[in-house]
Structures are given as C-alpha cells and as structure tokens.
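*Asks:* Protein chains in written order, with our numbering: chain P, 356 to 681; chain X, 356 to 681.
My questions will all concern the structure given below.
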C-alpha cells in the first residue's frame, strides 16, 4: 500500500478543516491523476455523503452557466454552501468557453462559501468522468451542501459525468427545437427537470408544449424503467433576468423530495457506487494487461505471436487468462 | 477448452469448401456472439490473410451504397470475388436504411461471387465492432479477395469499425460543406481517399478545392504521424451515373500499392492484431469481474461494502486485485 507523504497528509488535514487552498491543491492532484489519488480518496471517504449533487446540462449557448449562477445565488441566500464544477469535455481547445464561464460566475468568486472549479480534458476523455467523480467527493468531504455539475450534453463522456448527479436539469432554448428531434430519447433519459431558457424568444411556447407531451409519454410508457413515479416538469426561465429561478429550485426540490421519501436516492447512490467500483476495476485490469503485454511484460511473446498472425487472438486470450488465473 | 459440436464443425468444413449458406449461418453465430465464436475463429484462422479490406464511410445520404455497388461491379468485371458488409451502428431502429441498402445492391444478389451482409446493433454497440471484425475474417477465410465495409461515419463505434480497413474511402456530397468544418480533423485522420459524390450538384468545386487544401496541409504537417508519404487524393464521382468510379478504384489501388511496397500494410495489420488482442482481453477480464462481483460471486461481499458506502472503491479495488493475483 503506497503511504501518503507528509505533505499530502497535511493537505488533507487542512482541507478537512476547511482550508480552500488545500482543497484546490487536492483537486489539482485528482485532475492530474496523481499516484496519491487512491490514498486521498481513502482518507476523505468517511467524511462524504452529505452533499446533494445537481447536474446542469444542455447544448452550447443555452445559458447553463447563467442558470447555475442564479441557482447559486438562491442557495446562498438560504445559507447553503455551494460547490460548482464546470466540466468541458468537448475539446482541449475550447479553453475560451471555460474561461467565459468563469468570468460569468465571478459574482460568486468573492464569496468564501462558493467554490468554483473548471475542468477540461487534458488529452484523454476516459479519465475525465472519473476525475469529476473524485472532485465531487472532495467537495462533499469539504462540507459543501450542494454540488452543481455543469456540462455540455452530447457524448458518452458527458453522459458518464451527468449520471453522477442526483437530480439533472436539462437547459434548452427555443432554438433547440430542431436539435431535440434527434436527441429525444437521450433527453428524456437524462432529464429530471426540463428548462426552456431565454423563454422570451420566439418558439418557446411550441417547444414547451412539445416537451410536455414527450414528458407525459415518457411517464406513461411501460418501457420506461422507473423507480419513482415522476413526470419531468417543463419550466420557462429567463436566467439573465432572474425569471423562473425560484420555480426551478422548487422543481429540483420536488424531485429530491420524491427521491428521498421513496428510498430511491439511497438505491441510486448504491447503484452508482457499484458502477464506479466496476469501472475502476476494469481500468486497473486494463492497465495491468497493457503492462504485461508491453515489451518487457511476461505476456509479450504471446502478443508477438498474435501480431505476426501465428496464433488467433481467441486462442491467445485463453492462454493468457490461464496464465493470469491463480 | 470448449469443444465444437459436430454441427458447427460440419458447418465450418462446408464453409471452407465454398458453401455460401454455411458461411451465412456462421456469420449469424458471430453476430449473436454465440459461445462457439472463439472456436469458430480458431478453426478458420489458418485460412485468413489474403483479402484486402476496403472501408467506405460518409454521412447519411452521400451515396455510399451506390459507390459500393459500382466498385463491386468493376471488381467483378475483373474477376475478383467480393464480400460486402454494410454496418449500421447508428440505431437498432433504422432497419429501413439497411433494407434500402440491400435493395439498392440487388444488382449483385444473383451473383454467387458477391456475398452481401447487413449488420445492425442488437442492443450493445460495444459488440458490433468485434462482430464486424470476425465477419471480415470469415469472409477472408471463405476466399473473398476484396471485402468492402460500408458504415456511416460518426461515432466511436463507427471509427472502431472503419479502422479495420486497409484503405478507407470517405464519401461526401456538395452539401457536406458545412458539416466538414466540425469534423475536419476526424475526416483527415480516417480518409485515405476522399470522394465528392453527386459532383454535378452546386458546390462540388469549392468543396473539392477546400478538401485538396486540407489534404495538402495534412501531408505537410509535421504533426501528422505517418508511416507512408501519401497525399489524400480528392476525386469527383457521380456513382448513380457510373462517372468517376474507374478513377476511384485506381486511387484505391494507388494507396494499396504504396502500403504494400513500403511494408506499411504488414505493419498496420500487426498493429491491428495487437489492438484486437488487447480489446479482447479487456472484454474477457471485464466479464470475469462482473461475474465475480455478481450475487453469487466470491467478490460480492466487497462489492456490497462499497455499495453501502462502508469502504471506498479505491481500497476495494486494491483488495480485489490482491484476490485476483496468482
């Protein structure tokens, strides 16, 4: 077992005592997938489980950041402490967008009870969902009561990230009308609350009517697997003008209430922890396989035989699994 | 080692002797990921390696199927035998598109030297790339000299499928102009030959000029990893009218010639076999982990402890890896 160096250990103590700078440094280690991540997570484990995780997703330009900003203001007015993780998996080149979000959120940057962190891919997308999950845990252990994850909703990575939320809000704009035709099923799978932002623009009403119809179909469809009876509410907001945000928070609380009172929240979190363990195991095993198949690995000769076409991969796998078995 | 039942064994013998019906039945088993797949692949392994794999990809509506149809006619006119695999990973609901492809290709359905198979997802996308790879091997062992894989080019699965080709043709249409802005890098990474089909339509010339510029940049960029010196040719076709197909086949042969004369073909095929072995191993290990974590598995108690939040997943992984190690 790798022991923690004194410096990391001290950082964790400081973080758990409420030091924001220590938290920021630990997050950086998690983002960089430092060797100490496993030990860090082990140390903070006992302090977790009190935060409520809210996901905010939607297409670029839908005003997600503004919605996050206004929700944060409301939560802060009630005295809750808030952590915000803005994840931009789309590309390592869109640093501009992340920066934009940061600037838009600066109304909270002087508030010590709001911790904001932007995360972007550094090469591999695969690691981003895991890093986000660990950052959420750090914020939870730090004592944040609400953790807001903001991400652009499109690919598998974004889906893996948003699935870590207890309640997910999908933010659309009237212009999203055409796009949702192609993402209907995915939208209804992800959303617990639907928001049409910039609702003063043309097309808001027909879009809301359509979304409500979809939400109703979804609720009544026998094919929808559901642990709770919940019809996705469709709300209109103008986040820029602070319109509809109180109603949005109420809808989020409504969803949270149903999850908590039915025991579904606990069941879902258990399922999430299961999925996480499985993913982590597969990751570790993949790394182990790569190492052993590598130039100096004990399985390199088998690998070579397959590459040269001397044996078929299925026979090679059987051989290797035998070698790996106890 | 699971032994092959007599029926499967007889099927393989028949297939290797040239029986098309036996080939079709074996492909069905591979598609369904039957338990006998590993043994089937082991048996046909020695007969593989003579086919040339041609990938044809592009957005929906670009006329890929017609290009495949016309290329097949040319290859058949030269006396080559051809296998065609049309893969539609986009959704299990788009049966119509696949059917359309089948109908369009019926000019060859009576030709015993052309074997056509459509494949679509049945639930999991993950298995589709592997199934396609195994179907290619069966067609290779069956004696097909050219194997054409047709797929819609977008996501990771499609990319995994198309990477199994020796030469890949990307088919665009003049209307693709806007779309390629967002997929530039991906396009140049995948394409060995670029085709602007329906080239009699407006916008064909500017699109070709732009693509040629991109291809030139790609060739001269120091960032492009390359084992051969190849500037992606950009060709105009009107597949419907059989215009430009001879030139397209010549360009494909040009690429093949460079791959063969430089030894790059062999190197790439080795790399592919390596990647395949690795993917197969990870798949098997994942299945093994799922089994052992399942209700009756020996690792179930650890899994339960994680689900209940009693231990953190990193500590659990360490524990499990120890249990798995010899």
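For every residue, glycine included, the Cβ atom is placed at its ideal position computed from N, Cα and C.
Measure the C-alpha to C-alpha separation of residue 556(X) and residue 381(X) and round it to an integer number of angstroms.
*Replies:* Going from the Cα of residue 556(X) to the Cα of residue 381(X) covers about 43 Å.
*Asks:* How far does the alpha helix (DSSP H) with residue 645(X) in it extend, from its first residue to its last?
*Replies:* Where residue 645(X) is concerned, the enclosing alpha helix (DSSP H) stretches over 619 to 648.
*Asks:* Taking the alpha carbon of residue 568(P) as the point to measure from, which residue in 581(P), 578(P) and 588(P) has its own alpha carbon closest?
*Replies:* It is 588(P).
*Asks:* Count the CB pairs spanning the segment 416 to 430 of chain X and the segment 591 to 604 of chain X that are closer than 8 Å, and state whether there are at least three.
*Replies:* The segment 416 to 430 of chain X is in contact with the segment 591 to 604 of chain X.
*Asks:* Classify residue 691(X) as helix, strand or coil using the three-state DSSP reduction.
*Replies:* No answer is possible for residue 691(X): the residues shown for chain X start at 356 and end at 681.
*Asks:* Once DSSP output is grouped into helix, strand and coil, what is the label at residue 420(P)?
*Replies:* Three-state DSSP puts residue 420(P) in a helix.
*Asks:* So which residues on chain X does residue 648(P) lean against when the C-beta distance must stay under 7 Å?
*Replies:* Here the neighbours are 633.
*Asks:* Kindly provide the ranges of any beta strand (DSSP E) runs that are 3 or more residues long and lie completely inside the segment 488 to 575 of chain P, ordered along the chain.
*Replies:* List check, beta strand (DSSP E) in window: 501 to 507, 522 to 527 and 548 to 551.
*Asks:* Would you list the one or two residues that DSSP bridges to residue 474(X)?
*Replies:* Partner(s): 442(X).
*Asks:* Among 368(X), 489(X), 430(X) and 374(X), which has the Cα closest to the Cα of residue 386(X)?
*Replies:* Nearest of 368(X), 489(X), 430(X) and 374(X) to residue 386(X), Cα basis: 489(X).
*Asks:* From the DSSP secondary-structure annotation, give me the bridge partner or partners of residue 404(X).
*Replies:* Note: residue 404(X) sits in no beta bridge, so no partner.
*Asks:* Chain X beta carbons: is any one of them nearer than 7 Å to that of residue 685(P)?
*Replies:* With chain P represented from 356 up to 681, any question about residue 685(P) goes unanswered, as that position is not in the structure.
*Asks:* How do the segment 664 to 673 of chain X and the segment 390 to 402 of chain P stand: do at least 3 beta-carbon pairs fall below 8 Å, yes or no?
*Replies:* Flag = yes, the segment 664 to 673 of chain X and the segment 390 to 402 of chain P touch.
*Asks:* With burial defined as no fewer than 16 other Cβ atoms inside 10 Å of the residue's Cβ, what is the status of residue 564(P): buried or exposed?
*Replies:* With fewer than 16 Cβ atoms within 10 Å of its Cβ, residue 564(P) is classed as exposed.
*Asks:* Only counting the same chain, and skipping five residues up and downstream in sequence, which positions put a Cβ closer than 7 Å to that of residue 583(P)?
*Replies:* These residues qualify, in order along the chain: 613, 614, 617 and 619.
*Asks:* Considering residue 361(X), what are the terminal residues of the alpha helix (DSSP H) in which it resides?
*Replies:* Here the alpha helix (DSSP H) through residue 361(X) covers 361 to 371.
*Asks:* Output needed for residue 410(P): all residues of its chain with C-beta closer than 6 Å, excluding positions within five of it in sequence on either side, in chain order.
*Replies:* Closer than 6 Å at Cβ, skipping near neighbours: 504, 517, 520 and 523.
*Asks:* When DSSP labels each residue in this structure, what does residue 593(X) get in the three-state scheme?
*Replies:* In this structure, residue 593(X) counts as strand in the three-state DSSP scheme.
*Asks:* If you measure from the beta carbon of residue 639(P) to each beta carbon in chain X, is any gap under 7 Å?
*Replies:* So, interface residue.
*Asks:* When the cut-off is 7 Å and only beta carbons count, does residue 669(X) lie next to chain P?
*Replies:* It does: the Cβ of residue 669(X) has a partner Cβ on chain P nearer than 7 Å.
*Asks:* At least one CB of chain P closer than 7 Å to the CB of residue 490(X): is that the case?
*Replies:* Not closer than 7 Å to any Cβ of chain P, the Cβ of residue 490(X) fails to qualify, so no.
*Asks:* Can you list the residues of chain P that residue 400(X) reaches, using a CB-CB cut of under 7 Å?
*Replies:* Within chain P, the residues near residue 400(X) are 667.
*Asks:* When DSSP labels each residue in this structure, what does residue 319(X) get in the three-state scheme?
*Replies:* Summary: the structure shown does not reach residue 319(X), with chain X confined to residues 356 through 681, and so no result is reported for it.
*Asks:* With C-beta atoms as the reference, is residue 605(X) less than 7 Å away from residue 548(X)?
*Replies:* Going by C-beta atoms, residue 605(X) is not nearer than 7 Å to residue 548(X).
*Asks:* Would residue 515(X) and residue 475(X) be called neighbours here (beta carbons separated by less than 7 Å)?
*Replies:* Taking 7 Å as the Cβ cut-off, residue 515(X) and residue 475(X) do not qualify as a contacting pair.
*Asks:* Does residue 449(P) get closer than 7 Å to chain X when you measure Cβ to Cβ?
*Replies:* Any reading at residue 449(P) is ruled out, since the residue's pLDDT is 37, under 50, leaving its predicted position unreliable.
*Asks:* With respect to 6 Å, is the separation between the Cβ of residue 568(P) and the closest non-hydrogen atom of the ligand NAD below this value?
*Replies:* With respect to the ligand NAD, the structure offers nothing, as it holds no ligand at all.
*Asks:* Look at the alpha carbon of residue 373(X) and the alpha carbon of residue 366(X), and state the distance between them as a whole number of angstroms.
*Replies:* Near 11 Å, if we compare the C-alpha coordinates of residue 366(X) and residue 373(X).
*Asks:* Against residue 676(P), what residues of chain X qualify as contacts under a CB-to-CB distance less than 9 Å, listed in chain order?
*Replies:* Simply 636, 639, 640 and 643.
*Asks:* Would a check of beta-carbon distances place residue 393(X) closer than 7 Å to chain P?
*Replies:* So yes, residue 393(X) belongs to the interface.
*Asks:* Can you give me, in chain order, the residues of the segment 577 to 599 of chain P that have a beta carbon less than 9 Å from any beta carbon in chain X?
*Replies:* Of all residues in the segment 577 to 599 of chain P, none has a Cβ within less than 9 Å of some Cβ in chain X.
*Asks:* What number of angstroms, rounded off, separates the C-alpha of residue 525(X) from the C-alpha of residue 663(P)?
*Replies:* Residue 525(X) and residue 663(P): Cα-Cα distance of roughly 29 Å.
*Asks:* List the whole-angstrom C-beta distance separating residue 644(P) from residue 633(X), where the pair is believed to meet the contact cut-off of C-beta under 8 Å.
*Replies:* Yes, they are in contact, since the Cβ atoms of residue 644(P) and residue 633(X) sit about 7 Å apart, within 8 Å.
*Asks:* Would you list the one or two residues that DSSP bridges to residue 411(P)?
*Replies:* Note: residue 411(P) sits in a beta bridge opposite 505(P) and 524(P).
*Asks:* Could you tell me the alpha carbon to alpha carbon distance between residue 626(X) and residue 397(X), rounded to whole angstroms?
*Replies:* Cα to Cα, residue 626(X) sits roughly 19 Å from residue 397(X).
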